[in-house]
Amino acid sequence: GGHGGLGYQRRAWNDTWVLNLDNARWMELTCQGNPPPPRSGHQAFAKDGCIFIFGGWNHDSTFNDLFMLDVENKDWSDVDLAWGVPRWNCSLQLVEAIPAWCVFVFGGTADINGEGRSGGIFDLRIGVLNLGDQYKWEEPHLDMKAKDTRPMPREHSAVCYDPEESRLIIFGGWANKWLDDVWQINVSSIVGPPYAILKVEPPLGPVTGQMEVTIRGVGFCSTNGMTIVEFSSGKHAATTQGEVINDETIICRTP
């Protein structure tokens, strides 16, 4: 997609192209299914062999929809999962999180008043697309402080994710002038720790007596083998050392 052409022939497109990095040649994909309407100003990300398209605009409409291209089968489908009001020229970042990856969408120009592209307003809202078993949009409450310590609404910003500090870093953009400022916001409350507990075996039992307990989950190798397991009942708690067997299993004994 995008907006292009020569002179008065400029228009929005919904074609799909692939750049072969071995020979630096472009090739157009002939796709089937239900492609997105022609558009520009949209954002895209790739996950699990699929390319996702969000938002954008053309001369007739503005969009807040989500489409998916199965690259192997060259098949487009409408995910039927809109977020908020139509927006374009926003920023997008795919983040590895546990138990499900997340997509952060920041700012852009939003059709808040339903006036189309000509009435769009610069925005600083953050939306999160959770890529779990059931895709869903969330608009989380983030710790944006007083008005003078938050970025001004904008479009065309660059954004990246710092996994060490669980923060989004936003640079520059356009808000009736080009910006060169840098902002950060901590999103650890959304992406969570680098591991998740999914199941405990057995699910019930005494918290004493050296009984073996198996903890199932994902991301346990991120602990570098050092784990403390806490058992609690009401106001009482006891801890024991856990052994990381693999990325999905921890074994310990009750105190």
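Numbers given in the numbering used here equal positions in the sequence shown, counted from 1, plus 349.
Heads up, the beta-carbon is just placed ideally off N, CA and C, and yes, glycines get one too.
| Check | Outcome |
| --- | --- |
| Which residue marks the beginning of the alpha helix (DSSP H) containing G540, and which one marks its end? | The sequence as given places Val at residue 540; Gly does not occur at that position. From DSSP, the alpha helix (DSSP H) with V540 extends over S537 to V540. |
| For I447, which residues does DSSP report across the bridge? | Paired residue(s): none; I447 is not in a bridge. |
| Just tell me which of D472, I564, F580 and G566 has its CA closest to the CA of V556. | F580 |
| In chain order, which beta strand (DSSP E) runs of at least 3 residues are fully inside the segment 378-431? | 392-396, 399-406, 411-419 and 424-427 |
| Work out the CA separation of L418 and C399 for me, nearest whole Å. | 5 Å |
| Exposed or buried, what is T498 when buried is set at 16 or more other beta-carbons lying within 10 Å of its beta-carbon? | exposed |
| Counting only C-beta atoms, is L415 closer than 9 Å to chain B at any point? | The structure shown contains no chain B; it is built from a single protein chain. |
| Can you look up Q358 in the DSSP assignment and give me helix, strand or coil? | helix |
| If we count the other Cβ atoms within 10 Å of its Cβ and call it buried at 16 or more, is A395 buried or exposed? | exposed |
| For a test of the three-state rule: what should DSSP assign to S571, helix, strand or coil? | helix |
| Would you check if the segment 565-579 and the segment 533-545 touch, i.e. whether three or more CB-CB distances between them fall below 8 Å? | yes |
| Go through its chain and collect everything with a Cβ distance to L480's Cβ below 6 Å, but skip five positions before and after it. | A449 and W450 |
| In the DSSP assignment, what are the bridge partners of K548? | R565 |
| Taking the Cβ atom as the reference point for each residue, do V452 and L430 lie within a distance shorter than 9 Å? | no |
| Which stretch, first to last residue, makes up the beta strand (DSSP E) that contains E592? | H585 to N595 |
| Once you ignore the five residues that flank L368 on each side, which residues in its own chain have a CB closer than 7 Å to its CB? | W375 |
| On a Cα-Cα basis, can you pick out the residue from N438, T589, I461 and S467 that is closest to P604? | T589 |
| With a 10 Å radius around its C-beta and 16 neighbouring C-beta atoms as the bar for buried, classify P385 as buried or exposed. | buried |
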